[in-house]
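Remarks on the structure that follows.
Next up, the structure:
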């Protein structure tokens, strides 16, 4: 699936070879056995995505090792260090200053992990602490859990934007459907690094997405309004079912397909730019559990309408990502697309497609010997 995406996205043969060489050498060894990762509903530790504007492939993974989930590392806080060593060996410009700061302040230390384990205070079956994401023509990134309030000390240049976001989240607290969930930064020198905070919304509707996009009216400039019009357009094309959703406990077995109860909550992330007064939003259409062919058709129409003819042709000609699962009944497939991200900057929309990654994509059919897929489960 990874190789097919690189080819479809137009990577040169040399670049394809480079990325496919790095992947088994530096990434696969950290995927290991199944772990209760937040990355996918199947709790796999790897996910692919595509930046549709620039045709850039990206993957996200949660590094794990032999100690993950054991008494030595019950919450998987240590495997990330060895994974970072591998990335730094590949690219010496990787900068971990922000990572070290946030990991120290926002994730569990050994004594805290022991306390949670021994007292059984952990309220979730998902133990993810850190993840890494790589744009294959850009810089590495990591995502990390904690509250937005922990970010403010020592970051005066993003304080104004953070304050706006905090005010929005606090104003929604009584509703009980909005929660700050993740923090992300680039592994580059701090002066160039973006800081992003991810917020989930259990109410899935156009009104709820519009609320996250405008921060309930706190953003009302022409750029925000232009983006909002396109959100309405995408919503109409995708036909996302509305409702109150929650993250289901446990995981989906590798061999099952999502039912109506597996539809996911909505989500947005907010980029805190240095010295910017307002956070920049990106919203996510939760499409996991919807028909993949219908999603692909809707995206193709959107691409054509907005002049992305090359991407529309790629989606149409290759039937991406349905072509990545050639043995499935395409009309019934509903597990390949997970999220569609949308942002609006510099007077144009930006879209990303997040895909469920099973190496060949054939897990739900149960037609193949699992040993052939052992790298990703």
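In our numbering, the protein residues as written are -17 to 359.
Glycine residues also receive a C-beta, built at the ideal position from the N, C-alpha and C atoms.
Values in this document were obtained by computation on a predicted structure and should not be read as measured data.
Neighbour-count burial assignment, residue i, 16 or more Cβ in a 10 Å radius
i, result
"residue 29", "buried"
"residue 6", "exposed"
"residue 324", "buried"
"residue 1", "buried"
"residue 242", "exposed"
"residue 143", "buried"
"residue 74", "exposed"
"residue 295", "exposed"
"residue 127", "Residue confidence is low: residue 127 scores 36 on pLDDT, short of 50, so the model does not pin down where it sits. No coordinate-derived value is stated."
"residue 280", "buried"
"residue 130", "Residue placement at residue 130 cannot be trusted, given a pLDDT of 33 that sits under 50; the coordinates are not used to answer."
"residue 31", "buried"
"residue -4", "exposed"
"residue 231", "exposed"
"residue 67", "exposed"
"residue 97", "exposed"
"residue 86", "exposed"
"residue 211", "exposed"
"residue 113", "buried"
"residue 317", "buried"
"residue 162", "buried"
"residue 65", "buried"
C-beta neighbour in chain B for residue i, strict 8 Å
i, result
"residue 188", "In the displayed structure, chain B is absent; only one protein chain is listed."
Endpoints, alpha helix (DSSP H) assigned at residue i
i, result
"residue 209", "204 to 220"
"residue 151", "141 to 153"
"residue 282", "274 to 287"
"residue 31", "That residue, residue 31, is in no alpha helix (DSSP H); its beta strand (DSSP E) goes 28 to 33."
"residue 9", "It is not in any alpha helix (DSSP H) - residue 9 carries neither H nor E in the DSSP assignment."
"residue 183", "First-last for residue 183: 177 to 183, but that is the beta strand (DSSP E), not the alpha helix (DSSP H)."
"residue 3", "-5 to 4"
"residue 62", "61 to 72"
"residue -16", "-16 to -10"
Own chain, CB closer than 6 Å to residue i, minus 5 neighbours either side, in chain order
i, result
"residue 250", "181, 194, 263, 265"
"residue 33", "334"
"residue 171", "77"
"residue 14", "46"
"residue 57", "90, 95, 109, 111"
"residue -8", "37"
"residue 119", "38"
"residue 19", "25, 27, 44, 110"
"residue 353", "Note that residue 353 scores 29 on pLDDT, short of 50, meaning its location in the model is unreliable and no value can be drawn from it."
"residue 282", "294, 297, 298"
"residue 35", "332"
Beta strand (DSSP E) segment containing residue i, residue limits
i, result
"residue 396", "The structure shown does not extend to residue 396, since the chain spans only -17 to 359, so no value can be given for it."
"residue 250", "248 to 254"
"residue 262", "262 to 268"
"residue 197", "Premise fails: residue 197 is in no beta strand (DSSP E) and is neither H nor E."
"residue 319", "319 to 327"
"residue 38", "38 to 43"
"residue 168", "160 to 168"
Contact set for residue i: own chain, Cβ-Cβ below 8 Å, skip 5 residues either direction
i, result
"residue 269", "220, 222, 277, 319, 320, 321, 322"
"residue 49", "55, 60, 61"
"residue 205", "326, 327, 329"
"residue 53", "99"
"residue -2", "-15, -12, -11"
"residue 313", "273, 275"
"residue 21", "27, 28, 29, 42, 43, 44, 110, 113"
C-beta atoms of residue i and residue j nearer than 8 Å
i, j, result
"residue 260", "residue 176", "no"
"residue 198", "residue 150", "yes"
"residue 179", "residue 297", "no"
"residue 43", "residue 81", "no"
"residue 45", "residue 62", "yes"
"residue 111", "residue 59", "yes"
"residue -17", "residue 339", "yes"
"residue 191", "residue 248", "yes"
"residue 240", "residue 209", "no"
"residue 8", "residue 72", "yes"
"residue 116", "residue 40", "yes"
"residue 288", "residue 331", "yes"
"residue 284", "residue 337", "no"
"residue 214", "residue 236", "no"
Contact set for residue i: own chain, Cβ-Cβ below 7 Å, skip 5 residues either direction
i, result
"residue 227", "184, 186, 245, 246, 247"
"residue 257", "139"
"residue 134", "Here residue 134 scores only 38 on pLDDT, less than 50, and its place in the model should not be relied on; the value that follows carries that caveat. Only 141, 144 meet the Cβ criterion."
"residue 93", "none"
List in chain order: all unbroken alpha helix (DSSP H) runs of 4+ residues lying wholly within the segment 74 to 116. 79 to 88, 92 to 101
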